Every structure is written in C-alpha cells, then in structure tokens.
Amino acid sequence: MSGFGGVLPWARRTLVEKDKILTSEEFSAILGICQIVPGPNIMNLAVCVGSRFAGARGAFAAVLGLSIGPILLVLLLAVLYDHYSYLDSVKGILRGISAVGVGLIASTGLKMMRDEFQYPAMLLVVVITIVAASYFHLGLGWVVLIASPFALFLAWIKAHKV
Amino acid sequence: MSILLSLFLKLSAFSLVAFGGVSALLPDLLDLAVYQERWIDLQTFSDYFAIAQAAPGPNFMTVTLLGWHLYGVIGAFLATFAIAWPSSILIFYLQRLLLGIKDPLKKQAIQYAAAALAIGLVLSSAWEIALQINHGVAAYVLTIFTILFTTFTRWHPLYLIVLGAIIGSMGLI
C-alpha cells in the first residue's frame with residue numbers, strides 16, 4: 017500500500033501487460049516471495065525483478081530507479097512542511113490525512129485476513145502477534161521470534177489440509 | 017555523526033524483522049524516534065507519517081523523512097538505504113532458494129506462515145499508531161470510516177486521503 021495505493025498495480029501493468037518482461041504467473045510467484053521476506057515489499061520486488069535480468073547490478077539499478085524520484089518528491093514536501101507547518105490549516109490537513117492513513121494500514125491487514133478464514137486456526141497466529149505487540153508492547157524482533165514457531169507449525173498443517 | 021551511525025544501525029536491524037513491510041514497523045519506529053532517542057516529537061512524527069501517506073511512491077517514506085529531520089538530504093538517503101539494504105540482500109539470495117523449492121506443500125507452508133505474521137503485525141501496527149496519533153473522537157471516526165470504505169467499496173485510496181485533507185483543513189479533526 018503506497019501513498020497513491022499504487023506502486024504494485026503499476027509494476028504489474030508495466031512488467032506484465034506492457035513490456036511483457038514477466039508472465040502473470042512469474043509476477044505472482046515473485047510477489048509471493050517478496051511478501052514472505054521482511055523489509056519494504058516494493059524494494060524486495062525491485063531486487064527480485066532487477067536481479068533476474070542483470071544480477072546484482074540489475075537489482076541495484078531497479079532499487080535506485082524506483083526510489084530516487086519518490087525520495088526527491090517527498091523531500092520537496094518536507095521543505096514545504098518546514099515553511100508552512102505553523103499554519104493551522106496545514107496542521108489540520110495533516111491530522112486528517114494521518115487519520116485516513118491509519119485506516120488504510122488497518123484495511124490492508126483486514127483484506128489479507130480474509131484469506132485466513134479457510135483455515136481459521138491460523139488466526140491464532142494473528143492473535144498471538146497482536147497480543148505480543150500491542151498488549152505486552154514487545155519489540156518487533158521479539159514478536160517475530162515468539163510468533164514464528166506457531167506460524168510455521170500451523171502453516172504446515174494448513175498446507176496439508178487446504 | 018553518532019546520530020547518523022545510530023540511525024543507520026537501528027534502521028538496519030528493523031529491516032530484517034519487518035514482516036508486512038514498513039507499515040508493520042511504524043510503532044517500533046515511533047517508539048525509537050520519539051520516546052527512546054528523542055530524535056523528533058510526536059507531532060512531527062505524525063505529520064511526517066501523513067506526508068508519507070499523501071506522497072506518491074513506496075510507503076517507506078516516513079523513514080526517509082525521519083532521516084531528513086535528523087541530517088538533511090544525507091540523513092534522508094542514509095535512512096532509506098538502512099531500511100532497505102539488509103532485506104534486499106536477504107531476498108537477493110533467498111529468491112532462488114524459495115523459487116527452487118520443489119515441494120509445493122513446503123512452499124505453501126512458508127507462504128502461509130509469513131502471511132499470518134504479516135497480518136498480525138500490520139493490524140497491531142495500525143492499532144498502536146492510531147492510539148498515538150489520533151486525537152479525539154473525530155479522528156477515530158475518520159479512521160473507521162476509511163476502513164469501512166476500503167473494505168466495502170473499490171474507491172481509490174487517494175480519494176480518501178483527499179477527503180481526510182479537506183475534513184482536516186476545516187478544523188474538524
């Protein structure tokens with residue numbers, strides 16, 4: 017889920033439909049892997065696609081190509097922010113956007129959760145993760161460490177059942 | 017200089033545990049930057065989060081802006097690099113391994129496990145970030161409204177961001 021909700025669909029359109037660099041199945045397989053691995057999803061995607069065509073250099077080029085433009089743009093916004101953040105209207109606008117932004121993150125999680133109902137025991141992992149992170153306020157590393165054995169165990173059973 | 021080093025090391029460590037992407041590590045980032053290191057105050061962090069949401073491009077921009085806040089352009093690029101390099105190297109080597117797994121059950125299991133972890137982390141992230149940056153009932157109403165709209169309609173998120181900006185500019189949030 018990017019700012020405009022759109023880097024991934026855009027990547028798919030360009031790579032699969034327009035330039036026909038990848039087939040739709042290849043794209044989905046690569047995307048699946050990128051979501052397994054931690055870190056910025058879109059960067060991972062860039063590494064996978066880039067390295068497929070030009071090894072490490074391709075990966076590097078893809079990551080740079082993908083991030084330089086948005087970084088420069090967001091820095092421009094940061095400069096504007098430094099100049100105008102004292103304005104009440106700007107403060108209000110940012111409060112409004114951040115309230116929406118939180119909702120967008122939550123709905124990303126909820127949409128992913130729909131797939132879990134085919135094997136509801138998997139939701140136990142989701143609950144463990146949320147309790148460890150939000151109730152016990154454990155750091156991300158600890159949460160992953162605690163929840164991943166449960167996740168792998170249940171996922172193994174689910175893979176055999178579904 | 018020590019700020020840069022500390023920023024680099026801590027973000028690099030985050031990179032390897034951020035299942036579910038950068039959205040999942042926002043609470044840890046907030047905790048580190050606002051409460052532990054006191055690099056930035058809560059209001060500025062919230063504002064950066066909003067700017068990152070509104071800007072087109074990948075969603076790791078909150079990290080970029082934090083770097084900008086600490087050390088200008090160099091900080092911005094360093095922070096972005098730090099959040100991306102460990103996971104990038106990890107996936108560079110893992111992709112062949114994972115794509116090469118012949119046993120479809122094993123592959124499925126790994127995918128299911130990672131998905132469940134990501135869901136939990138993303139949801140608790142949304143919850144914790146909401147508690148930190150939403151002030152007052154109106155903000156929560158807007159958040160819940162966003163969740164309902166994105167769940168039950170196919171509206172582009174950009175419309176909701178614009179709506180949030182308009183409501184906010186009227187001083188309602």
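Line by line, the protein sequences give chains A and B.
Under this note's numbering, the first residue of the first sequence carries the number 17, and numbering increases by one thereafter.
Under this note's numbering, the first residue of the second sequence carries the number 17, and numbering increases by one thereafter.
C-beta atoms are modelled at their ideal positions from N, C-alpha and C, and glycine is treated no differently.
Treat the numbers as computed from the prediction; the structure is a model and nothing was measured.
Taking the alpha carbon of Val143(A) as the reference point, which residue from Asp57(B), Leu46(B), Leu137(B) has its own alpha carbon closest? Leu137(B)
Using a C-beta to C-beta distance shorter than 8 Å, which residues of chain B count as neighbours of Ala77(A)? Within 8 Å Cβ-Cβ: nothing; Ala77(A) doesn't reach chain B, min ~12 Å.
Range of the contiguous alpha helix (DSSP H) that encloses Ile182(B): 173-185
With a cut-off of 9 Å, does the C-beta of Ser164(A) fall near any C-beta of chain B? yes
Quick check on Asp98(A): does DSSP put it in helix, strand or coil? helix
Would you report the Cα separation of Ala77(A) and Tyr64(B), rounded to the nearest angstrom? 27 Å
From Ala131(B), Val157(B), Tyr87(B), Ile183(B), residue whose alpha carbon lies closest to that of Trp172(A): Ala131(B)
What do you get for Arg111(A), buried or exposed, if any count of 16 or more other CB atoms within 10 angstroms of its CB means buried? buried
Measuring straight from C-alpha to C-alpha, what distance separates Ser123(A) and Leu133(B)? 16 Å
Bounding residues of the alpha helix (DSSP H) (the contiguous stretch that carries Thr162(B)): 153-168
Identity of the residue in Leu46(B), Ser18(B), Pro173(B) nearest Leu121(A) by Cα: For the sequence presented, residue 121(A) should be read as Ile rather than Leu. The shortest C-alpha separation from Ile121(A) is found at Pro173(B).
Just checking: is the beta-carbon of Ile19(B) within a distance shorter than 9 Å of some beta-carbon in chain A? no
Hey, how far is the Cα of Thr30(A) from the Cα of Trp171(B)? 22 Å
Hey, does Ala115(A) have any beta-carbon neighbour from chain B nearer than 9 Å? yes
Whole-Å CB distance - Val63(A) paired with Val79(A), under 8 Å assumed: 6 Å
Which of the three DSSP states, helix, strand or coil, is assigned to Phe35(B)? coil
Given that a residue counts as buried once 16 or more other Cβ atoms are within 10 Å of its Cβ, and exposed if not, what is Phe69(A)? exposed
Candidates Leu81(B), Gln127(B), Lys122(B), Gln59(B): which alpha carbon is nearest Ile46(A)'s? Gln127(B)
Beta-carbon proximity list for Gly37(B), same chain, < 6 Å, skipping 5 on both sides: none
Return the Cβ separation of Ala167(A) and Val141(A) in integer angstroms, given the expectation that the two are a contact with Cβ distance under 8 Å. 5 Å
Name, please, each residue of chain B whose Cβ falls closer than 7 Å to the Cβ of Arg111(A). Ala155, Gly184, Ile189
DSSP three-state label for Trp26(A), please. helix
Hey, is Tyr97(A)'s beta-carbon within less than 9 Å of any beta-carbon in chain B? yes
Taking the alpha helix (DSSP H) that Val178(A) belongs to, which residues open and close that run? First-last for Val178(A): undefined, no H or E at that position.
Counting only Cβ pairs nearer than 7 Å, list the residues of chain B close to Lys36(A). Ordered by position in chain B, no residue passes the 7 Å Cβ test against Lys36(A), which lies about 20 Å from the chain.
Considering only the beta carbon of each residue, do Ala98(B) and Ser39(B) sit closer than 9 Å? no
Taking the straight line between their C-alpha atoms, what separation do you get for Phe169(A) and Phe30(B)? 25 Å
So, with DSSP's three-state summary, where would you put Val53(A)? coil
When the Cα of Ile52(A) is compared with those of Ser103(B), Leu23(B), Leu164(B), which residue comes out closest? Ser103(B)
For the segment 115-131 of chain B, list every residue whose C-beta sits within 9 Å of some C-beta in chain A, in sequence order. Leu115, Pro120, Leu121, Lys122, Lys123, Gln124, Ala125, Ile126, Gln127, Tyr128, Ala129, Ala130, Ala131
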